[in-house]
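Notes to accompany the following structure.
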């Protein structure tokens, strides 16, 4: 299941469609891994699913669309009994090279875990 926690007012319709596509792709990738016997918690060295690891249960996902649009998504993986939930917390539409978005994500994770 996918839960959107982002402020959707910050994105236009095309960006929101791209975010939804990215999250569905991520969910499919994780489902394939889990169905093949690899639990999400045991996925290592797989930049396609866990581009960066930030704090407990927070990860970044790197998504590149067909038109070369790039997204960096901060998501949280929540294990449930028989399934999982992906919470989309922050999204950065990448327009420049570099990892300037990572500071925003780290600050968010730090404040989120305090609550």
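In the working numbering, the protein residues as written are 177 to 291. Ideal Cβ placement from N, Cα and C applies to all residues, glycine included.
Distance check for residue j and residue i, CA to CA, integer angstroms please.
i, j, result
"residue 281", "residue 267", "9 Å"
"residue 241", "residue 257", "32 Å"
"residue 219", "residue 213", "11 Å"
"residue 190", "residue 243", "12 Å"
Within a Cβ cutoff of 8 Å, which residues of the same chain sit near residue i, ignoring the five residues on either side of it in sequence?
i, result
"residue 259", "177"
"residue 181", "263, 264 and 265"
Would you call the CB atoms of residue i and residue j closer than 8 Å?
i, j, result
"residue 185", "residue 263", "no"
"residue 293", "residue 247", "Only positions 177 to 291 of the chain appear in this structure, which leaves residue 293 out of reach."
Hey, does residue i have any beta-carbon neighbour from chain C nearer than 8 Å?
i, result
"residue 234", "Checking the listed chains, one finds no chain C in this structure; it contains a single protein chain."
What residue from the options has the CA that sits closest to residue i's CA?
i, options, result
"residue 198", "224, 209 and 210", "224"
"residue 261", "245, 277 and 216", "216"
Query - Stretch-stretch touch, CB-based, cutoff 8 Å, three pairs: the stretch 202 to 209 with the stretch 272 to 286 - result: no
Query raised in the report: Three or more beta-carbon pairs under 8 Å between the stretch 247 to 262 and the stretch 228 to 238, yes or no?
Result: yes
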